[in-house]
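A.B. asks: Dropping the structure in here first, questions after.
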Amino acid sequence: MKILVVEDERELADVITRSLERERYVVETARDRTTALLKIADHAYDCILLDIMLPGGSGLDVLRELKALGRPGNVIIISAKDSLHDKLAGLDLGADDYLTKPFHIAELNARVRSVLRRKTLGGSNTISAGNVRMDLDARSVEVDGVVLALNRKEFDMLTHFVLNKDRLVSRGSLAEHVWGDHADQGDDLDFVYSQIKNLRRKLKQGSATLEIQAVYGIGYKLVEA
Amino acid sequence: MRLLNRSLLHLSMVLLLVLAAWAVAFFFVVRHAVVDSIDEGLEDQEEIIRYRLQQDSTLLHVHDLGLHGFAIEPAAAKTRTVYRDTLLYVPSEGKVEPVRLMTKVFKHKGEFYRMQVYTSTVEEDDLVEDILIALIGLYFTLLLTIIIVNNVVLRRVWRPFHAILAQLKTFRLGSGRALADVPTAISEFKELKTAANALVHHATDTYENQRAFTENAAHELQTPLAIAINKLELLAEQQGSEEERMAVLGEVLALLERLTRLNKSLLLLARIENRQFPDAQRISFAALMREVMEELADLAAHREVSMKLEVTGDLERSMDPVLGRILLANLVKNAIVHNVPGGSVRATVDAHSLTIRNTGADRPVDATRIFGRFQKETTADGGTGLGLAIAKAIADLNGLRIVYRFDGEHVLEVRGL
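So the protein lines, in turn, are chains Y and R.
This note's numbering numbers the first residue of the first sequence as 8 and each following residue consecutively.
This note's numbering numbers the first residue of the second sequence as 16 and each following residue consecutively.
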């Protein structure tokens, strides 16, 4: 799987690259519009992470070029601008997703996975880890073929964990992914804990081979037991 | 062009037209009067001649009109008396002159005679000339009067205006609060003064708010940044176990997440105030409230706060759905966070208002400051202190009003203006 990261901020490009390489993707970076246009002309990428505000022009030009080349899709826009207008413009030009900076690495991971899955699996939208298999369209979970009943939040949490298996998921990332953007009030994210407790219990009762480990002070990590 | 001269220009042009029209009318009226008096004079002349005719019948043979001033000749029958203006050679003057000629038929000793009498009307031209000169004199006298009045009186009358203008020209934000008083009795200038003062007050208040806001925002950002840096510095030299190091990292992450939330809130506030939410849809507050309370149920459960929604009617409003959600979410979150374990949040929606009551501290919060930015009850909860400020900004943008009151419970009520 080959991924192109178009991002002018060196530090951010670096962090994204390292994180994606841990997932065993081949990652290339472009730090301005011209380089990005050259790269997409020469190579086909499975996924492109695209910053909108680039030196030398807008990232939307890259989208247009992709469309002109007849290779639209698999683009995730990463932008500092959280405006509906930009979002719509990007999605209109064929982007698959829109992620506003700053974002959690776990969230980026999940989005990249889902874009790649849509591309490769052609319809069947399932993910699995250990003996757990999740159908994201039907929103159902099976452990060794036996249905495990989860409520909406537990399902969303497990999805996020499975997509970030063996990786640290911070409480902030989890809260944002499952409970939406609690943009303002209180950084008291302890309420996440009681939900985790329920999910752990259900996984254990269903004898799943997955375990949610606590990473003290930061968050959690899903590992195969 | 100055207002003074502009009005003068218009006035002088209009005055010229009015005076010209008036001069024409005046000329005809005067001429009519003059002709009347000439005609009367001609009749008198004719009567004198007829009187003389009683004694001297030779007058019947005077035929030379120019020489004698009259002429008589026999006529066939009685005809109407005719006056007309014509030219006649007058031997006494030795030239042709404009005259007024009366022709009248009269009866003398059983015979009809036609008599013609004339008077020279040369003076009429002089009359026109006199009238014209008088009117031109009047025109310039009037103009001069207006100029003098304009320059002396109006200049004095406009003095408060120029005083206010001079103050506005030199006014700088941040240098003072109000304009110096300009005494005036003229209602337009009083209005101008009031409007200028209101503008200055508003601008000054906004400026002060913005300045305080920038200062506060910078300070709010500064503190977590400083803590995060210090914690990382400590981590760099710390020799502890993996777990201890992770704990420090967790604290730094939490600080950075708080900064992120704060920054998002600030951006949101700016966008609300720049009116960057143009998408207006019909929103049912009852339905939205139900969704928001469901989303926040976990937070409430964790805080051991019970939540209840009572719907007796539906408040509907046309607004951006994103903002509507943020408005309600912030109000409910506020009620959950500033609560006590075992407390309650009760929301009511009816056709005119939305009310959220919550248990909490036993004393009321300062109602004037509750919606202010960075107004925090405690520093412990880690909130940004912008939640209610954002709610208020959204309400203001959409013509809603949020009122706080305390009746043992803290009550926030949203209603249309």
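C-beta atoms are modelled at their ideal positions from N, C-alpha and C, and glycine is treated no differently.
1) Look at the Cβ atom of L169/R, then the Cβ atom of S27/R, and state whether they are nearer than 8 Å.
2) Which word fits N289/R, buried or exposed, when buried means at least 16 other C-beta atoms lie within 10 angstroms of its C-beta?
3) What residues in the stretch 256–271 of chain R have a beta carbon less than 7 Å from any beta carbon of chain Y?
4) Who are V337/R's beta bridge partners in DSSP?
5) Check A48/R in the structure and name its three-state DSSP category.
6) Assign H184/Y to one of two classes, buried (16 or more other C-beta atoms within 10 Å of its C-beta) or exposed (fewer than that).
7) In this structure, does DSSP put Q202/Y in helix, strand or coil?
8) Under 8 Å, with one C-beta from each stretch per pair, do the stretch 298–313 of chain R and the stretch 357–377 of chain R reach the 3-pair mark?
9) Are the CB atoms of L44/Y and I83/Y nearer to each other than 8 Å?
10) Report the rounded CA-to-CA distance for M8/Y versus A410/R, giving the unit in angstroms.
11) Which of the three DSSP states, helix, strand or coil, is assigned to M16/R?
12) Going along chain R, which residues have a C-beta under 9 Å from D89/Y?
13) Can you round the beta-carbon distance between D365/R and T399/R to whole angstroms, since I take them to be within the 8 Å contact cut?
14) With distances taken from CA atoms, which of K160/Y, R174/Y, I134/Y, K46/Y is nearest I10/Y?
15) Using a Cβ-Cβ cut-off of less than 9 Å, give me the residues of the stretch 310–321 of chain R that come near chain Y, in sequence order.
16) Is it right to say Y66/R is buried, meaning 16 or more other beta carbons lie within 10 angstroms of its own, or is it exposed?
17) Tell me, please, which residues DSSP counts as bridged to L415/R.
18) Under three-state DSSP, which class holds T275/R?
19) Looking only at DSSP bridge pairs, what is M141/Y linked to?
20) Among E258/R, A178/R, G375/R, F42/R, which has the Cα closest to the Cα of I148/R?
21) In or out: P175/R buried (at least 16 other Cβ within 10 Å) or exposed?
22) With 8 Å set as the bound, which would you pick, yes or no: does the beta-carbon of S177/Y sit closer than that to a beta-carbon of chain R?
23) Can a CB atom of chain Y be found closer than 8 Å to the CB of T238/R?
24) T275/R touches chain Y at which residues, Cβ-Cβ below 7 Å?
25) Residues in the same chain with beta-carbon distance under 8 Å from E161/Y, minus the five sequence neighbours each way, listed in chain order, please.
26) Where does A200/R sit, in a helix, a strand or coil, going by DSSP?
27) How many angstroms separate the CA atom of A243/R from the CA atom of G402/R?
28) Do E424/R and N354/R have their CB atoms nearer than 8 Å?
29) Does I225/Y get closer than 8 Å to chain R when you measure Cβ to Cβ?
30) Count the other C-beta atoms from every protein chain shown that fall within 10 angstroms of the C-beta of K184/R, then say buried if there are 16 or more, exposed otherwise.
31) Buried or exposed for G63/Y, please, with buried defined as at least 16 other CB atoms from any protein chain shown within 10 angstroms of its CB.
32) Helix, strand or coil, according to DSSP, for I59/Y in the structure here?
33) Could you list the residues in the stretch 11–33 of chain Y with a C-beta less than 8 Å from some C-beta on chain R, going in chain order?
34) Taking G97/Y as the query, report the chain B residues whose CB atoms sit under 7 Å from its CB, ordered along the chain.
35) Between the C-alpha atoms of N116/Y and L170/Y, what's the straight-line distance to the nearest angstrom?
C.D. replies: Let me lay it out:
1) Here residue 169/R is taken as the residue at index 154 of the second sequence, counted from 1. Here residue 27/R is taken as the residue at index 12 of the second sequence, counted from 1. The answer is no: Cβ separation not under 8 Å.
2) Taking the second sequence and counting its residues from 1, one reaches residue 289/R at position 274. Counting Cβ neighbours within 10 Å, N289/R comes out exposed, since fewer than 16 surround it.
3) E258, M261, A262, L264, G265, E266, L268, A269
4) Taking the second sequence and counting its residues from 1, the one referred to as residue 337/R is at position 322. Answer by DSSP bridge pairing: none, since V337/R is not bridged.
5) Numbered from its first residue, the second sequence carries residue 48/R at position 33. Three-state DSSP puts A48/R in a helix.
6) Taking the first residue of the first sequence as 1, we reach residue 184/Y at position 177. That one is buried.
7) Numbered from its first residue, the first sequence carries residue 202/Y at position 195. DSSP places Q202/Y in the helix class (H, G or I) of the three-state scheme.
8) yes
9) Position 37 of the first sequence, counted from the first residue, corresponds to residue 44/Y. Position 76 of the first sequence, counted from the first residue, corresponds to residue 83/Y. Contact check for L44/Y against I83/Y fails: the beta carbons are separated by 8 Å or more.
10) The sequence position of residue 8/Y within the first sequence is 1, counting from 1. The sequence position of residue 410/R within the second sequence is 395, counting from 1. Rounded to whole angstroms, M8/Y to A410/R spans 48 Å at the Cα level.
11) Counting from 1 along the second sequence, the entry for residue 16/R is found at position 1. Note: M16/R maps to coil in three-state DSSP.
12) Counting from one through the first sequence, the residue named residue 89/Y turns up at place 82. Near D89/Y (Cβ distances below 9 Å), the residues of chain R are K279, L282, L283, R286.
13) As a working mapping, residue 365/R is identified with position 350 in the second sequence. As a working mapping, residue 399/R is identified with position 384 in the second sequence. Their Cβ separation, rounded to whole angstroms, is 31 Å, which puts D365/R and T399/R out of contact at 8 Å.
14) Taking the first residue of the first sequence as 1, we reach residue 10/Y at position 3. Cα-wise, what sits closest to I10/Y is K46/Y.
15) From the stretch 310–321 of chain R, only E310, L311, D313, L314, A315, A316, H317, R318 have a Cβ closer than 9 Å to chain Y.
16) Locating residue 66/R in the second sequence gives position 51, where the first residue counts as 1. Y66/R comes out exposed.
17) As a working note, residue 415/R is residue 400 in the second sequence. G431/R, per the DSSP bridge assignment.
18) As a position in the second sequence, residue 275/R is number 260, starting the count at 1. Looking at T275/R - three-state DSSP - the assignment turns out to be helix.
19) Here residue 141/Y refers to the residue found at position 134 of the first sequence. For M141/Y, which the question treats as bridged, DSSP gives the partners I134/Y, V148/Y.
20) Reading the second sequence from its first residue, position 133 is the one you call residue 148/R. Checked all of E258/R, A178/R, G375/R, F42/R; the closest Cα to I148/R is F42/R.
21) The residue you call residue 175/R lines up with position 160 of the second sequence. Classification of P175/R: buried, given that the 10 Å Cβ count is 16 or more.
22) Position 170 of the first sequence, counted from the first residue, corresponds to residue 177/Y. Answer yes: the Cβ-Cβ gap between S177/Y and chain R drops below 8 Å somewhere.
23) As a working note, residue 238/R is residue 223 in the second sequence. With 8 Å as the cut-off, T238/R does not count as an interface residue toward chain Y.
24) Counting from one through the second sequence, the residue named residue 275/R turns up at place 260. Near T275/R (Cβ distances below 7 Å), the residues of chain Y are P109.
25) Position 154 of the first sequence, counting from 1, holds the residue named residue 161/Y. Closer than 8 Å at the Cβ level, and outside the excluded window around E161/Y, lie Q202, N205, L206, K209.
26) Position 185 of the second sequence holds residue 200/R. Three-state result, A200/R: coil.
27) The sequence position of residue 243/R within the second sequence is 228, counting from 1. The sequence position of residue 402/R within the second sequence is 387, counting from 1. Computed Cα separation, rounded: 24 Å.
28) Residue numbering aside, residue 424/R sits at position 409 when the second sequence is read from its first letter. Residue numbering aside, residue 354/R sits at position 339 when the second sequence is read from its first letter. E424/R is not a Cβ neighbour of N354/R, given a cutoff of 8 Å.
29) Working through the first sequence from its first residue, we reach residue 225/Y at position 218. At least one chain R Cβ lies under 8 Å of I225/Y.
30) The sequence position of residue 184/R within the second sequence is 169, counting from 1. Exposed, since its Cβ has fewer than 16 Cβ neighbours within 10 Å.
31) Against the first sequence, residue 63/Y aligns to sequence position 56. Burial call: exposed.
32) Numbered from 1 along the first sequence, position 52 holds the residue referred to as residue 59/Y. Here I59/Y sits in coil by DSSP.
33) Per Cβ criterion, the list is empty.
34) Here chain B cannot be found, since the structure's protein chains are Y and R.
35) Position 109 of the first sequence, counted from the first residue, corresponds to residue 116/Y. Position 163 of the first sequence, counted from the first residue, corresponds to residue 170/Y. Roughly 7 Å separates the two Cα atoms.
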